[in-house]
Amino acid sequence: MSEMIGFIGLGNLGLPVASNLLNAGYALRVYNRTASKAEPLVAEGAQQVNRPTDAVTTGGIVVTLLWDDAALESIVTSPGFLGQLGPDGIHISMSTVMPETAKKLAAMHAQHGSAYVEAPIFGRPEAAAAKKLWIPFAGSQQAKKRVQPLLKAMGGQGIFDFGEEVGAATLVKLLGNFLLSSASYSLREALTISEKNGVDPKAVVDMLTQTLFPAPIYQSIGNRIAEKKEANQSEIPLKDVGLLKKTAQQVESPTPISSLLHDLLRTDLE
Numbered sequence: 001m002s003e004m005i006g007f008i009g010l011g012n013l014g015l016p017v018a019s020n021l022l023n024a025g026y027a028l029r030v031y032n033r034t035a036s037k038a039e040p041l042v043a044e045g046a047q048q049v050n051r052p053t054d055a056v057t058t059g060g061i062v063v064t065l066l067w068d069d070a071a072l073e074s075i076v077t078s079p080g081f082l083g084q085l086g087p088d089g090i091h092i093s094m095s096t097v098m099p100e101t102a103k104k105l106a107a108m109h110a111q112h113g114s115a116y117v118e119a120p121i122f123g124r125p126e127a128a129a130a131k132k133l134w135i136p137f138a139g140s141q142q143a144k145k146r147v148q149p150l151l152k153a154m155g156g157q158g159i160f161d162f163g164e165e166v167g168a169a170t171l172v173k174l175l176g177n178f179l180l181s182s183a184s185y186s187l188r189e190a191l192t193i194s195e196k197n198g199v200d201p202k203a204v205v206d207m208l209t210q211t212l213f214p215a216p217i218y219q220s221i222g223n224r225i226a227e228k229k230e231a232n233q234s235e236i237p238l239k240d241v242g243l244l245k246k247t248a249q250q251v252e253s254p255t256p257i258s259s260l261l262h263d264l265l266r267t268d269l270e
């Protein structure tokens, strides 16, 4: 493939996703605020740039995978970003942000003739490396058709179209992360009760995930908890559940469970 792709954001998830693009034959121009994080990609043939705008090719495609709304907005509003992208350019945003932020940025792109496609990721870094990501996406039909091969190359084993209205795919990501966090908390509590009552947590997971809850997420999270292989507490669930809670409150939807879960996650990190 001869098309140059810009990639901004090389964190724990961005790095394997960008590496997948390189391995698929795409040329990459990469930027990260901490420049040293780009070194593995440069060793694989990526071109490193010093400014976000330098990763953008007029009429081309640029991918961002950033921490939060503020980081994403700062990139889009950085001097020259939208002007450089220009007509026919496409910005694939893979960050988990507020739907209203996605809508606002999509409108800014439209004013410059470029397209904003939201494509947040379900999957941990190891799933990205194994090309086992699930990706909901939304945006103009023409732009989605152009970027779908890239989403697959980035590791998307399943790509789900949520229409042309930007904000829909971002909402799906927030809903999914809320359910994931809820499942994790429920499993941790259930298996702690099991262990303290002398019942093997692993046997509990094996039975329940073969009967009442035969879902991959219950199996993977349940086994990690039962085997005491849980990762260190992360700020990601707290951030994402907070975004869902705020989104629900904006449409006056009740949030008793997400509010409780948000409080529990915040307490865990204190």
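Using the UniProt record's numbering, the first residue of the sequence shown is number 1, and each one after it goes up by one. Idealized CB from N, CA, C, for every residue including glycine.
Original post:
Roughly how far, in whole angstroms, is the beta-carbon of residue 271 from the beta-carbon of L22, given that I think they are within contact range, below 8 Å?
Top reply: Past the boundaries of the shown model lies residue 271; the chain is included only from 1 to 270, so the question cannot be answered.
Subject >> D69 vs V97 beta-carbon contact at 8 Å >> reply: yes
**OP:** Tell me where the beta strand (DSSP E) around V62 begins and ends.
**Re:** Run containing V62: I61 to T64, per the beta strand (DSSP E) assignment.
Original post:
Exposed or buried, P52, counting other C-beta atoms within 10 Å across all chains shown (16 or more means buried)?
Top reply: buried
Subject >> Segment contact, 8 Å Cβ cut-off, at least three pairs: the region 169-188 with the region 238-245 >> reply: yes
Original post:
Do the region 179-199 and the region 154-166 make contact, defined as three or more Cβ pairs closer than 8 Å?
Top reply: no
**OP:** Within 10 angstroms of the Cβ of K144, are there 16 or more other Cβ atoms? Answer buried if so, exposed if not.
**Re:** So K144 ends up on the buried side.
Subject >> First through last residue of the beta strand (DSSP E) which encompasses E235 >> reply: From DSSP, E235 is part of no beta strand (DSSP E); its letter is neither H nor E.
**OP:** Take E230 and list the residues in its own chain whose beta-carbon comes closer than 7 Å to its own, dropping the five residues that flank it on each side.
**Re:** R224
Subject >> Where the alpha helix (DSSP H) through G176 begins and ends >> reply: Unbroken alpha helix (DSSP H) run through G176: A168 to K196.
Subject >> the region 132-149 contacting the region 208-219, beta-carbon criterion three pairs below 8 Å >> reply: no
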